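Chemist: Each residue of the sequence shown is one higher than the last, beginning at 441 in our numbering.
Glycine residues also receive a C-beta, built at the ideal position from the N, C-alpha and C atoms.
Computed from a prediction, not measured in an experiment: that's the story for all the values here.
One structure is given below, represented as C-alpha cells, and several questions about it will come after.
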Amino acid sequence: MGDQLARYRRKRDFSRTPEPSGADGGAADADLPRFVVQRHRARRLHYDFRLEIDGVLVSWAVPKGPTLDPAVRRAAFHVEDHPLEYIDFEGVIPAGQYGGGDVIVWDAGTWQPHARRAGAHVDPGRAVADGELHLDLYGEKLRGRFALVRTSTARSGREEWLLLHKRDEHAVEGWDAEDHPYSVLSGRTNEQVQADPYRLWRSDLPAVAASVALKPAPP
Ligand code: MN
Numbered sequence: 441m442g443d444q445l446a447r448y449r450r451k452r453d454f455s456r457t458p459e460p461s462g463a464d465g466g467a468a469d470a471d472l473p474r475f476v477v478q479r480h481r482a483r484r485l486h487y488d489f490r491l492e493i494d495g496v497l498v499s500w501a502v503p504k505g506p507t508l509d510p511a512v513r514r515a516a517f518h519v520e521d522h523p524l525e526y527i528d529f530e531g532v533i534p535a536g537q538y539g540g541g542d543v544i545v546w547d548a549g550t551w552q553p554h555a556r557r558a559g560a561h562v563d564p565g566r567a568v569a570d571g572e573l574h575l576d577l578y579g580e581k582l583r584g585r586f587a588l589v590r591t592s593t594a595r596s597g598r599e600e601w602l603l604l605h606k607r608d609e610h611a612v613e614g615w616d617a618e619d620h621p622y623s624v625l626s627g628r629t630n631e632q633v634q635a636d637p638y639r640l641w642r643s644d645l646p647a648v649a650a651s652v653a654l655k656p657a658p659p
C-alpha cells in the first residue's frame, strides 16, 4: 500500500509537470504535447486514445486498446474532441450521462508527430484531417512509434481508423492492453474506481468545473 501511495504522489501531477523520460533516452520533455489513454467501461469497454492537438484532445475510441505488438492492428473510431480538462480525469461518469460508467487513466505522457520525410514539418491537425498521422509516444506503457490511418468513413460520418505500432525497439510481440489493467495515476483498476470513486465527471457543467471531487484523493 505504501508503494501505491508513493506511486500516486509521483503520478498525480503528470498533466502539469510532464517529466523527461530519462531512463529510455526518450525525447519526452515538458514542451511536448500530452496524450492520455483512458480505459472506459461504458455500455461497452473501450480505451479512449487522446492526443493534445491545437488546444483540444483529439480522440479515438479503441475497443480492444492500443498495443505494442507490431503484428496487430487495432480498430479505432474517431470520436469528438474532448476538452483539455479531461486529460487527467479518473472517476465515474454518472449513469444516464454521455459515456456513463467508470474511467481510469490507463496511460499518459507526451508525444510528437513523426515526419516521414526527414526534416519535414508535420502539422498534426492537418495530418488528422488528411487521415494519416505517424507519431512517437513517451508514455509509461506505450512507447515507440505508432501510426493512425483512416480506412473508411461510414455514411453516418463516423470515421474508422487503424492504430498500430511500428516495428522498433519498443515493440513487444503478444503485448495486450488487458494484461496491464492498472491506472498510471492511482495504481487502481476500473473496478476499484467504480467501487470508491474520488471524482465525478459532470458533463452538464462547463469543462473547467466538470471534474468534481467527491473526497480527497490520497495525499
Ligand atoms: Mn469513452
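CA-CA distance, Gly627 and Ala617?
Modeler: Stepping through the sequence shown from its first residue, residue 627 is reached at position 187. Stepping through the sequence shown from its first residue, residue 617 is reached at position 177. Spanning the two alpha carbons is a distance of roughly 15 Å.
Chemist: With a CB to CB cut of under 6 Å and the five nearest residues on each side skipped, what residues in its chain are close to His652?
Modeler: Locating residue 652 in the sequence shown gives position 212, where the first residue counts as 1. In the sequence on display, residue 652 carries Val and not His. Once the five neighbours on either side are set aside, the close Cβ partners of Val652 are Leu640 and Arg642.
Chemist: Verify whether the separation of the beta carbon atoms of Tyr622 and Thr629 is less than 8 Å.
Modeler: Your numbering for residue 622 matches position 182 in the sequence shown. Your numbering for residue 629 matches position 189 in the sequence shown. Yes, Cβ-Cβ distance for Tyr622 and Thr629 is below 8 Å.
Chemist: Does the Cβ-Cβ distance between Gly539 and His480 come in under 8 Å?
Modeler: In the sequence shown, the residue the question calls residue 539 occupies position 99. In the sequence shown, the residue the question calls residue 480 occupies position 40. Result yes, Cβ atoms of Gly539 and His480 sit closer than 8 Å.
Chemist: Verify whether the separation of the beta carbon atoms of Val502 and Leu603 is less than 8 Å.
Modeler: Here residue 502 refers to the residue found at position 62 when the sequence shown is read from its first residue. Here residue 603 refers to the residue found at position 163 when the sequence shown is read from its first residue. In this structure, Leu603 lies closer than 8 Å to Val502 by Cβ.
Chemist: Quick check on Ala635: does DSSP put it in helix, strand or coil?
Modeler: Along the sequence shown, one-based indexing puts residue 635 at 195. Reduced to three states, the DSSP call for Ala635 is helix.
Chemist: Ignore the nearest five residues each way along the sequence and tell me which others in Pro646's own chain have a CB closer than 8 Å to its CB.
Modeler: Here residue 646 is taken as the residue at index 206 of the sequence shown, counted from 1. The same chain holds no residue with a CB closer than 8 Å to that of Pro646 once the five nearest residues on each side in sequence are set aside.
Chemist: Which residue marks the beginning of the beta strand (DSSP E) containing Val543, and which one marks its end?
Modeler: The sequence position of residue 543 within the sequence shown is 103, counting from 1. Start and end: Gly541 to Pro553.
Chemist: Taking the alpha-carbon of Leu524 as reference, which of Val498, Gly614 and Arg556 has the nearest alpha-carbon?
Modeler: As a working mapping, residue 524 is identified with position 84 in the sequence shown. The shortest Cα separation from Leu524 among Val498, Gly614 and Arg556 belongs to Val498.
Chemist: Is any heavy atom in the ligand MN found nearer than 7 Å to the beta carbon of Asp488?
Modeler: Numbered from 1 along the sequence shown, position 48 holds the residue referred to as residue 488. Yes, the ligand MN has a heavy atom inside 7 Å of this Cβ.
Chemist: Would you say the beta carbon of Gly539 is closer than 7 Å to some non-hydrogen atom of the ligand HEM?
Modeler: The ligand HEM is absent from the structure shown, which contains only the ligand MN.
Chemist: Please determine whether the Cβ atom of His480 lies at a distance below 7 Å from any heavy atom of the ligand MN.
Modeler: Within the sequence shown, the letter at position 40 stands for residue 480. Because some heavy atom of the ligand MN lies under 7 Å away, the Cβ of His480 counts as near it: yes.
Chemist: Do you know offhand how far Ala635's Cα is from Leu577's?
Modeler: Here residue 635 refers to the residue found at position 195 when the sequence shown is read from its first residue. Here residue 577 refers to the residue found at position 137 when the sequence shown is read from its first residue. Each residue's Cα considered, the two are about 31 Å apart.
Chemist: Comparing the CB of Ala617 with every heavy atom of the ligand MN, is any distance shorter than 7 Å?
Modeler: The residue labelled residue 617 in the question sits at position 177 within the sequence shown. It does not: the Cβ of Ala617 is nowhere closer than 7 Å to a heavy atom of the ligand MN.
Chemist: If distances are taken between C-alpha atoms only, which option among Gly579, Pro506 and Arg598 comes closest to Leu588?
Modeler: Within the sequence shown, residue 588 is the residue found at index 148, counting from 1. Nearest C-alpha to Leu588 among Gly579, Pro506 and Arg598: Pro506.
Chemist: Can you tell me which residues form a DSSP beta bridge with Thr593?
Modeler: Mapped onto the sequence shown, residue 593 falls at position 153. According to DSSP, which records beta bridges pairwise, Thr593 is partnered with Glu599.
Chemist: Between Ala501 and the ligand MN, is there a pair consisting of the residue's CB and a ligand heavy atom that are separated by less than 7 Å?
Modeler: What you label residue 501 is simply residue 61 of the sequence shown in a count that begins at 1. With a cutoff of 7 Å, Ala501 counts as near the ligand MN, since its C-beta is closer than that to a heavy atom of the ligand.
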